[in-house]
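One point on numbering: in our numbering, the residue at position 36 of the sequence shown is 71, and numbering is uninterrupted.
Built from N, CA and C at the ideal position, the CB exists for glycine as well.
The structure presented is a predicted model; accordingly, all values stated were derived computationally and were not measured.
To keep things clear, I will list the structure first and then write my remarks on it.
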Amino acid sequence: MKVTKELAPSLKVEEAYAIQAELLRLREADGHAIIAPKMGLTSKAKWTQMGVDSPVVGYLFDDMIERDQSIEFDRYIHPKIEPEIGIVLKNEIGGPDLTISEVKDNIDYIFSAVEVIDSRYQNFDFTFIDVIIDNTSAKGAILGTKQYDVGSVDLITEQVEILINGEQVAEGKGEAVLGNPIQVIVELAKHLDQSNQMIQPGQPILTGGMTAAVMIEKGDTIQVNYSNLEDLTIEVK
Ligand code: OOG
Ligand code: MG
């Protein structure tokens with residue numbers, strides 16, 4: 036069932052986030068803990084693929100983090116992967132006027148990641164409103180373990196490629212993500228400020244797919260190679 040099609044065709048963005056917040060609360064009441072906000076739909080590659088044109092905010096829960104560099108395929112309906120740059124802050128920051136240089140000053144470390152998205156909608160066929168309510172298709176993530184200083188990598192020129200079973204299926208760079216992945220933190224701060232929240236230190240924040248998402252199958256070997264950040268090799272089990 037598509038919320039916008041069958042229940043509430045004229046739902047507004049703020050209302051969609053209110054529903055998302057209620058669904059997050061229900062999940063927390065079920066014993067799951069939020070570990071970080073995530074930003075999605077931050078690159079043109081994703082906008083073109085999904086037919087939308089602005090970023091969304093969702094949340095990663097503790098039970099979404101895949102262990103042992105593998106993806107447990109049967110946990111998903113029709114998973115796709117996205118290469119992402121992750122950011123952890125060392126201080127609480129936020130507000131509507133945050134600048135890129137303030138964010139940089141407050142970064143603890145950068146890491147590489149792969150998000151495994153999944154959708155309750157057939158063919159990921161949703162509107163912007165539906166995907167907000169569906170917690171931005173958040174279902175899984177593999178977080179790199181190497182930590183990089185913000186001064187040691189140029190996130191704008193950082194390149195990534197995805198190989199599935201040895202064949203290149205996607206490539207992109209950091210610049211694809213709102214011109215600079217650090218800008219994503221500025222946008223996240225604006226979003227959270229609308230509900231008087233700040234961004235918390237210590238959370239592994241994903242900044243959004245740098246390429247279009249790629250469908251995966253059981254048995255695939257995935258290599259996500261970054262130019263400077265940690266490469267990730269993942270088995271789909
Ligand atoms: C929505 C989630 C998008 C990203 O990194 O762009 C996202 C979707 O495409 O299903 O997480
Ligand atoms: Mg993502």
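Q.
Quick check: the Cα distance between residue 236 and residue 197, rounded to an integer number of angstroms?
A. Locating residue 236 in the sequence shown gives position 201, where the first residue counts as 1. Locating residue 197 in the sequence shown gives position 162, where the first residue counts as 1. Straight-line spacing of the CA atoms in residue 236 and residue 197 works out to 30 Å.
Q. Is DSSP giving residue 92 helix, strand or coil here?
A. Position 57 of the sequence shown, counted from the first residue, corresponds to residue 92. Here DSSP, grouped into helix, strand and coil, assigns residue 92 to strand.
Q | Where the alpha helix (DSSP H) containing residue 55 begins and where it ends | A | Position 20 of the sequence shown, counted from the start, is the residue given in the question as residue 55. Bounds of the alpha helix (DSSP H) holding residue 55 are 48-64.
Q | Rounded Cβ spacing between residue 105 and residue 251 (contact assumed at less than 8 Å) | A | In the sequence shown, the residue the question calls residue 105 occupies position 70. In the sequence shown, the residue the question calls residue 251 occupies position 216. In fact, because the Cβ distance is near 12 Å, the residues do not count as touching under 8 Å.
Q. How is the beta strand (DSSP E) around residue 163 delimited, first residue to last?
A. Along the sequence shown, one-based indexing puts residue 163 at 128. Residue 163 -> not in any beta strand (DSSP E); alpha helix (DSSP H) instead, spanning 163-168.
Q. In angstroms, rounded to a whole number, what distance separates the CA positions of residue 219 and residue 255?
A. As a working mapping, residue 219 is identified with position 184 in the sequence shown. As a working mapping, residue 255 is identified with position 220 in the sequence shown. Going by C-alpha positions, residue 219 is about 30 Å away from residue 255.
Q: Buried or exposed for residue 165, please, with buried defined as at least 16 other CB atoms from any protein chain shown within 10 angstroms of its CB.
A: The residue given as residue 165 occupies position 130 in the sequence shown. Residue 165 is buried by the Cβ-count criterion.
Q) Would you say residue 146 and residue 87 are within 8 Å of each other, going by their C-beta atoms? A) The sequence position of residue 146 within the sequence shown is 111, counting from 1. The sequence position of residue 87 within the sequence shown is 52, counting from 1. No, they are not a contact pair.
Q: Using the DSSP secondary-structure output, state which residues sit across from residue 71 in a beta bridge.
A: As a working mapping, residue 71 is identified with position 36 in the sequence shown. DSSP, once it has assigned bridges, lists 95 as partnering residue 71.
Q) What is the residue span of the alpha helix (DSSP H) that residue 84 lies within? A) Locating residue 84 in the sequence shown gives position 49, counting from the first residue. Residue 84: member of the alpha helix (DSSP H) spanning 79-85, first to last residue.
Q: Please report how far the alpha carbon of residue 136 lies from the alpha carbon of residue 172, in whole angstroms.
A: In the sequence shown, counting from the first residue as 1, residue 136 sits at position 101. In the sequence shown, counting from the first residue as 1, residue 172 sits at position 137. Going by C-alpha positions, residue 136 is about 30 Å away from residue 172.
Q) Is the beta carbon of residue 124 sitting closer than 8 Å to the one on residue 100? A) The sequence position of residue 124 within the sequence shown is 89, counting from 1. The sequence position of residue 100 within the sequence shown is 65, counting from 1. Not in contact: residue 124 and residue 100 (Cβ atoms no closer than 8 Å).
Q | Cα-Cα separation, residue 191 to residue 127 | A | Translated into the one-based positions of the sequence shown, residue 191 becomes position 156. Translated into the one-based positions of the sequence shown, residue 127 becomes position 92. One C-alpha to the other measures close to 24 Å.
Q) Where do the N-terminal and C-terminal ends of the beta strand (DSSP E) with residue 150 fall, by residue? A) Looking up residue 150 in the sequence shown gives position 115. DSSP places residue 150 inside the beta strand (DSSP E), whose first and last residues are 142-152.
Q.
Residues in the same chain with beta-carbon distance under 6 Å from residue 260, minus the five sequence neighbours each way, listed in chain order, please.
A. Stepping through the sequence shown from its first residue, residue 260 is reached at position 225. Result list for residue 260: 196, 266, in chain order.
Q: Go ahead and pull the three-state DSSP assignment for residue 133.
A: Here residue 133 refers to the residue found at position 98 when the sequence shown is read from its first residue. In this structure, residue 133 counts as coil in the three-state DSSP scheme.
Q: Let me know the secondary structure DSSP gives residue 157 once reduced to three states.
A: Locating residue 157 in the sequence shown gives position 122, where the first residue counts as 1. In the three-state DSSP reduction, residue 157 falls in the helix class (H, G or I).
Q. Leaving out five residues before and five after residue 52 in sequence, what residues of the same chain have Cβ atoms less than 7 Å from its Cβ?
A. Locating residue 52 in the sequence shown gives position 17, counting from the first residue. Contacts found: 167.
**Q.** Cβ-based burial, residue 55 [other Cβ within 10 Å; buried from 16]
**A.** Position 20 of the sequence shown, counted from the first residue, corresponds to residue 55. By the neighbour-count rule (16 or more Cβ atoms within 10 Å), residue 55 is buried.
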